[in-house]
Amino acid sequence: MAGGLLGSSVDVLEMGFGVKFCLVFLLLRALFTDSSHNNQVVLLDTTSVLGELGWKTYPLNGWDAITEMDEHNRPIHTFQVCHVMEPNQNNWLRSNWISREAAQKIYVELRFTLRDCNSIPWVLGTCKETFNLYYMETDESHGVKFKPSQYTKIDTIAADESFTQMDLGDRILKLNTEVREVGPITKKGFYLAFQDIGACIALVSVRVYYKKCPFTFRNLAVFPDTIPRVDSSSLVEVRGACVRNAEERDTPKLYCGADGDWLVPLGRCVCSVGYEELDGSCLACRTGFYKAFAGNIKCSKCPPHSFSYDESAPFCHCEKGYFRAEKDPPTMACTRPPSPPRNVIFNINETSLFLEWSPPSDMGGRKDLTYNVLCKKCGPGPRECELCGGDLRFVPRPVGLTNSSVTVLDFTAHANYTFEIESLNGVSEFSSFPRPVTAITITTDQGGPSLVGAVRKDWASQNSIALSWQEPENPNTAILDYEIKYYEKEHEQLSYSSTRSKAPSVIITGLKPSTKYVFHIRARTAAGYSSYSPKFEYETGDETSDMATDQGQVLVITTAAVGGFTLLVILTLFFLITGRCQWYIKAKMKSEEKRRTHLQNGHIRFPGIKTYIDPDTYEDPTQAVHEFAKEIDPSRIRIERVIGAGEFGEVCSGRLRTPGKREIPVAIKTLKGGYVDRQRRDFLREASIMGQFDHPNIIRLEGVVTKSRPVMIVVEYMENGSLDSFLRKHDGHFTVIQLVGMLRGIASGMKYLSDMGYVHRDLAARNILVNSNLVCKVSDFGLSRVLEDDPEAAYTTSGGKIPIRWTAPEAIAYRKFSSASDVWSYGIVMWEVMSYGERPYWEMSNQDVILSIEEGYRLPAPMGCPVTLHQLMLHCWQKERSHRPKFTDIVSFLDKLIRNPSSLQTLVEDVQGLPESPGDVPEYPLFISIGDWLDSIKMSQYKNNFMAAGFTTLDSVTRMSIDDVRRIGVTLIGHQRRIVSSIQTLRLQILHMQEKGFHV
1 MAGGLLGSSV DVLEMGFGVK FCLVFLLLRA LFTDSSHNNQ VVLLDTTSVL
51 GELGWKTYPL NGWDAITEMD EHNRPIHTFQ VCHVMEPNQN NWLRSNWISR
101 EAAQKIYVEL RFTLRDCNSI PWVLGTCKET FNLYYMETDE SHGVKFKPSQ
151 YTKIDTIAAD ESFTQMDLGD RILKLNTEVR EVGPITKKGF YLAFQDIGAC
201 IALVSVRVYY KKCPFTFRNL AVFPDTIPRV DSSSLVEVRG ACVRNAEERD
251 TPKLYCGADG DWLVPLGRCV CSVGYEELDG SCLACRTGFY KAFAGNIKCS
301 KCPPHSFSYD ESAPFCHCEK GYFRAEKDPP TMACTRPPSP PRNVIFNINE
351 TSLFLEWSPP SDMGGRKDLT YNVLCKKCGP GPRECELCGG DLRFVPRPVG
401 LTNSSVTVLD FTAHANYTFE IESLNGVSEF SSFPRPVTAI TITTDQGGPS
451 LVGAVRKDWA SQNSIALSWQ EPENPNTAIL DYEIKYYEKE HEQLSYSSTR
501 SKAPSVIITG LKPSTKYVFH IRARTAAGYS SYSPKFEYET GDETSDMATD
551 QGQVLVITTA AVGGFTLLVI LTLFFLITGR CQWYIKAKMK SEEKRRTHLQ
601 NGHIRFPGIK TYIDPDTYED PTQAVHEFAK EIDPSRIRIE RVIGAGEFGE
651 VCSGRLRTPG KREIPVAIKT LKGGYVDRQR RDFLREASIM GQFDHPNIIR
701 LEGVVTKSRP VMIVVEYMEN GSLDSFLRKH DGHFTVIQLV GMLRGIASGM
751 KYLSDMGYVH RDLAARNILV NSNLVCKVSD FGLSRVLEDD PEAAYTTSGG
801 KIPIRWTAPE AIAYRKFSSA SDVWSYGIVM WEVMSYGERP YWEMSNQDVI
851 LSIEEGYRLP APMGCPVTLH QLMLHCWQKE RSHRPKFTDI VSFLDKLIRN
901 PSSLQTLVED VQGLPESPGD VPEYPLFISI GDWLDSIKMS QYKNNFMAAG
951 FTTLDSVTRM SIDDVRRIGV TLIGHQRRIV SSIQTLRLQI LHMQEKGFHV
């Protein structure tokens, strides 16, 4: 194969006590195929470096640098090492200084081949199938001597595929690709280092890059190159800039994800007025077209009687004689004023005139047609005309008529009237021509009456006025009636009222007290109306002062009587409740004495159950391992991948081949090289413990490897990992009955351990493993272990570390561990499960947790936790360990709940062997005030919040929801949950008292 081969043979050279293999492999062309992505910025790619790499090796005879030329005359830089025949290998390869540029997190892509240790004959040393990747940050390159202690480990790299001697003969080698993340990087650059501790490996290529969200267009907005945040769970919000001739509709945003992908597009830009979108840009409208509104719509052709003379026109101009009204949209055609009305006719009847006409022949292209009627009163001469006064009435009105008719009332006799009728529309005001008018002249020959005489007030009350007046001196004919018009003086321009009277007097009712009114009166005959009389002002009476005073006195007396009666009722209830509370406390003390007597019996060991044997009792710990754990041939174990790191070494997943059975998935704990005897003994001690257990809810030991290296412990594989992280990942996804099933499995496992006499000492959700069927199994039986990542999690005593939040008070104070202290821890596990993995006691410090427990504080029920389960928790947390339930009782109680799920919604106290009376259940004190209650749950800082929001009684607090708690100003989620959970417990206490017959 021309040019594609680094070597042509496999040489096996005898060199002292070892054999050195010159690895020869076939590089696929795919290795050099451009695999770059537009969201990656490459900082280093060894396949594209033309000259020598210049990387350093320590020691010099460790890693070998081999450079060949491929068929395209491009260099191929590789590094190889294979000192498997020699023990205690520690070979380092260090890159040149790499500038990080704008990166905060970098990615290292490694391509390599690795030989299967089992295929190498005559191996005398320690053969490995992994190597380690390290890095060191610096602000500049330096020539300082290489010091491994300055480097930070990134990860242990294991091969997915390894090759054998047969593969070498066929020239078919398996290329592995692994990518690791490093960050945050804060200095200007960094070095990479590769450590070999005894593997047969060839490093084919190294590619270092960082990710970015690339420059992009989206929704007519431009988004620049953006570097993601180091935290993969948070996104970078990027605001886009609109392209030319575009504007924001909603602020355009994209979010840059950790993998360099643009996510969650929000908002957009739209083309401005006069521009339309085309292929991601905004182009100007052509001549004869327009666009009046910003948006992603096309330009429109000018409407009739309009035209645009320039590009990017926002509207079209009207032709001469055509107009567009102020409120006309630009999309509407230009219009013109209407022609005059046609065919005016009239009909006069006694004192009324009816005018009617036909619409104009030309509406001007509009529909908003109205009419105005102008009245002129003329004398005998041709020029003796004046506008009609206010005495003439038009029904409905003289201007703005939408119908082509009007009625005219109250005209004067023996006068000439000219009525001009004009038609208008929305553009009439813009025309410079005179408005089109149609006129008609009418003469009245009837004689109307003269004015009425003086008007006087006869009397007035709060709501009425009596008026009378003199009849007209010259009525000319019989007076039919009088019209009286009146209005409030202060509201003369707003409205008026009128009434009629046949006699020269009237009583007007429905008026306001102490208010001035203006009155006009006129007479009506068959010939028409007289003019209105002059204005007369009169005021209604004010006789309400005495009545108001009497009403106020009655109101004060009534209020005082009601207040006194209410106070009497409150005092009576207070003394009644206080007396009953004292009776309740005494009854509770008696019940407590009965409960203590009932639970004096200790743990009873059942016959036939084997007893746990402490491995420390063996003089030779190896004997305990061989007695309780099965030795496994390492050839039956296939390690697939590294899944973590334990205290003693790497933790891997893999497969175990059992004789006559199919392969099963397993987890493999390995003991790292360089250990001392004490570390080996502590490592295998856990296997000696696990090997004694055989229960479906205890993690199963498959066996150990002690006769070859590395030393291994093989256990069953639990797909869903630890219970606490599993619940946090699936918050709210399970039903209550599913959670109870998990708790039942844990309790069953602990019952088995308790019956064997084994005390776990570190029972917590993090030490419970979950498989794919949601079966929970107790694990972590080693005494030497890292309890938590948080240094606050362990309280150090003279005897070692203790997980404070899970440990019983007597175990913290006196290191008295027992099955009863495991029961206390189980109650905490119950709380963790029902709160979906929330941290017990939230952000409280360890010292605060210890003091709070001593003072009687107990964790409140999590939100959504059934009362029966929280009551079981409280039983587990009793201060006297002899009063706590046994795991046998707990399993029996949970079985009853599973068989009767409805009991999870009720206040059932049905734990076999436990107190049945609610009074025997550990409860908080019966609080007298809101302040006392908040003090007991360490939330006293919110007293003012509750009072200001009106929650001043315990009864009102028990009706609060989570929304109410947020609304009064409790913003911290941990505080919200603590308060809501305590409210649930408080509500339970009140219900218990009501069951006892108390009035609460």
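For the sequence shown, UniProt numbering assigns the number 1 to the initial residue and increments by one for each residue that follows. Ideal placement from N, C-alpha and C gives every residue a C-beta, glycine not left out.
Would you list the residues sitting across from residue 459 in a DSSP beta bridge? Looking up residue 459 in the sequence shown gives position 459. According to DSSP, which records beta bridges pairwise, residue 459 is partnered with 466.
Other residues of its chain near residue 108: CB distance less than 6 Å, five sequence neighbours each side excluded: Your numbering for residue 108 matches position 108 in the sequence shown. Answer for residue 108: 180 and 208, listed in chain order.
Should the region 707-725 be called in touch with the region 766-784, which here means at least 3 C-beta pairs below 8 Å? Three or more Cβ pairs drawn from the region 707-725 and the region 766-784 lie within less than 8 Å of each other, which places the two stretches in contact.
Please report how far the alpha carbon of residue 1015 lies from the alpha carbon of residue 464, in whole angstroms. Limits of the chain in this structure are 1 at one end and 1000 at the other, which puts residue 1015 out of reach.
Assign residue 502 to one of three DSSP states: helix, strand, or coil. If you number the sequence shown from 1, residue 502 lands on position 502. Residue 502 sits in coil when the DSSP states are folded into three classes, being neither helix nor strand.
Enumerated in chain order, which unbroken segments of the beta strand (DSSP E) with a length of 3 residues or greater are wholly contained in the region 793-842? Fully enclosed beta strand (DSSP E) runs of 3 or longer: 794-797 and 800-803.
Taking the Cβ atom as the reference point for each residue, do residue 261 and residue 39 lie within a distance shorter than 8 Å? The count along the sequence shown starts at 1 and reaches residue 261 at position 261. The count along the sequence shown starts at 1 and reaches residue 39 at position 39. Against a cut-off of 8 Å, the Cβ pair of residue 39 and residue 261 comes out as a contact.
Output needed for residue 946: all residues of its chain with C-beta closer than 6 Å, excluding positions within five of it in sequence on either side, in chain order. Locating residue 946 in the sequence shown gives position 946, where the first residue counts as 1. Within the same chain, residue 946 has close Cβ partners 930.
Under 8 Å by Cβ, that's how I've got residue 496 and residue 487 pegged, so tell me the actual separation to the nearest angstrom. Taking the first residue of the sequence shown as position 1, residue 496 is located at position 496. Taking the first residue of the sequence shown as position 1, residue 487 is located at position 487. Yes, residue 496 and residue 487 are in contact; Cβ-Cβ is about 4 Å, under 8 Å.
Per-residue DSSP class, three states only, for residue 118: In the sequence shown, residue 118 corresponds to position 118, counting from 1. In the three-state DSSP reduction, residue 118 falls in the helix class (H, G or I).
So, with DSSP's three-state summary, where would you put residue 132? Mapped onto the sequence shown, residue 132 falls at position 132. For residue 132, the secondary structure class from DSSP, reduced to helix, strand or coil, is strand.
Among all the DSSP beta bridges, which residues are the ones paired with residue 644? Start at 1 with the first residue of the sequence shown, and residue 644 comes out as number 644. Its beta-bridge partners are 651.
DSSP-derived helix/strand/coil call for residue 876: As a working mapping, residue 876 is identified with position 876 in the sequence shown. Look at residue 876 here: in three-state DSSP terms it is helix.
Using the beta-carbon count (16 or more within 10 Å), is residue 102 buried or exposed? On the sequence shown, position 102 is the one that residue 102 refers to. The residue in question, residue 102, is exposed, as its Cβ has fewer than 16 Cβ neighbours within 10 Å.
Let me know the secondary structure DSSP gives residue 222 once reduced to three states. The residue labelled residue 222 in the question sits at position 222 within the sequence shown. Three-state result, residue 222: strand.
Distance between residue 703 and residue 653 (C-alpha atoms, nearest Å): The residue you call residue 653 lines up with position 653 of the sequence shown. The residue you call residue 703 lines up with position 703 of the sequence shown. In this structure, the straight-line span from the alpha carbon of residue 653 to that of residue 703 is close to 15 Å.
For residue 145, does the three-state DSSP call read helix, strand or coil? Numbered from its first residue, the sequence shown carries residue 145 at position 145. If DSSP states are grouped into helix, strand and coil, residue 145 belongs with coil.
Report the three-state DSSP secondary structure of residue 983 (helix, strand or coil). Against the sequence shown, residue 983 aligns to sequence position 983. Here residue 983 sits in helix by DSSP.
DSSP has residue 942 in a bridge; who is on the other side? Here residue 942 corresponds to residue number 942 of the sequence shown, with the count starting at 1. Per DSSP, none; premise fails for residue 942.
Would you mind working out which of 760, 267, 833 and 357 sits nearest residue 734, comparing C-alpha positions? Residue mapping note: residue 734 aligns to position 734 of the sequence shown, counting from 1. For residue 734, the nearest C-alpha among the options comes from 833.
Do three or more CB pairs link the region 216-232 to the region 186-206 at distances below 8 Å? In short, these stretches do not touch, since the Cβ pair count stays below three.
Which of helix, strand or coil DSSP assigns to residue 703: Along the sequence shown, one-based indexing puts residue 703 at 703. Correct three-state label for residue 703: strand.
To the nearest angstrom, how far is the alpha carbon of residue 61 from that of residue 142? Start at 1 with the first residue of the sequence shown, and residue 61 comes out as number 61. Start at 1 with the first residue of the sequence shown, and residue 142 comes out as number 142. The alpha-carbon atoms of residue 61 and residue 142 are separated by roughly 23 Å.
Taking DSSP as the reference, what is the three-state secondary structure of residue 726? Here the question's residue 726 lines up with position 726 in the sequence shown. Residue 726: helix per DSSP, three-state reduction.
Would residue 273 and residue 220 be called neighbours here (beta carbons separated by less than 8 Å)? Reading the sequence shown from its first residue, position 273 is the one you call residue 273. Reading the sequence shown from its first residue, position 220 is the one you call residue 220. With respect to residue 220, residue 273 sits apart: the two C-beta atoms are not nearer than 8 Å.
Among residues of its own chain, excluding the 5 on either side of residue 683, which ones have a beta-carbon nearer than 7 Å to its beta-carbon? Within the sequence shown, residue 683 is the residue found at index 683, counting from 1. The residues are 648, 671 and 711.
Sufficient close CB pairs (3 or more, under 8 Å) joining the region 740-759 to the region 814-829: Verdict: yes, contact present.
Tell me, please, whether the region 78-91 touches the region 52-67 by the rule of three or more beta-carbon pairs shorter than 8 Å. Contact annotation: the region 78-91 touches the region 52-67, with at least three C-beta pairs closer than 8 Å.
For residue 100, collect the residues of the same chain with a Cβ closer than 8 Å to its Cβ; drop the 5 residues on either side in sequence, then sort them by chain order. Position 100 of the sequence shown, counted from the start, is the residue given in the question as residue 100. So the qualifying residues of the chain are 43, 106, 185, 187, 188, 189, 190 and 210.
Does the distance from the C-beta atom of residue 1008 to that of residue 939 stay below 8 Å? Since the first and last residues shown for the chain are 1 and 1000, residue 1008 lies out of range.
Minimum C-alpha distance to residue 541 - residue among 469, 514, 458 and 507: On the sequence shown, position 541 is the one that residue 541 refers to. Nearest option by C-alpha distance: 514.
Please state if the CB of residue 537 and the CB of residue 489 are separated by a distance shorter than 8 Å. If you number the sequence shown from 1, residue 489 lands on position 489. If you number the sequence shown from 1, residue 537 lands on position 537. For residue 489 and residue 537, yes; Cβs fall inside 8 Å.
Round the Cβ separation of residue 365 and residue 335 to the nearest angstrom and send it over; I've been treating them as touching at under 8 Å. Position 365 of the sequence shown, counted from the start, is the residue given in the question as residue 365. Position 335 of the sequence shown, counted from the start, is the residue given in the question as residue 335. The Cβ separation is near 4 Å, so the contact holds.
Check the Cβ-Cβ distances between residue 705 and every residue of chain B, and say whether any is below 8 Å. Absent here is chain B; the protein component of the structure consists of one chain.
Length-filtered (3 minimum) beta strand (DSSP E) runs lying within the region 271-332: Complete beta strand (DSSP E) runs here, min 3: 275-278 and 281-284.
Assign residue 371 to one of two classes, buried (16 or more other C-beta atoms within 10 Å of its C-beta) or exposed (fewer than that). Position 371 of the sequence shown, counting from 1, holds the residue named residue 371. When all chains shown are included, residue 371 counts as buried.
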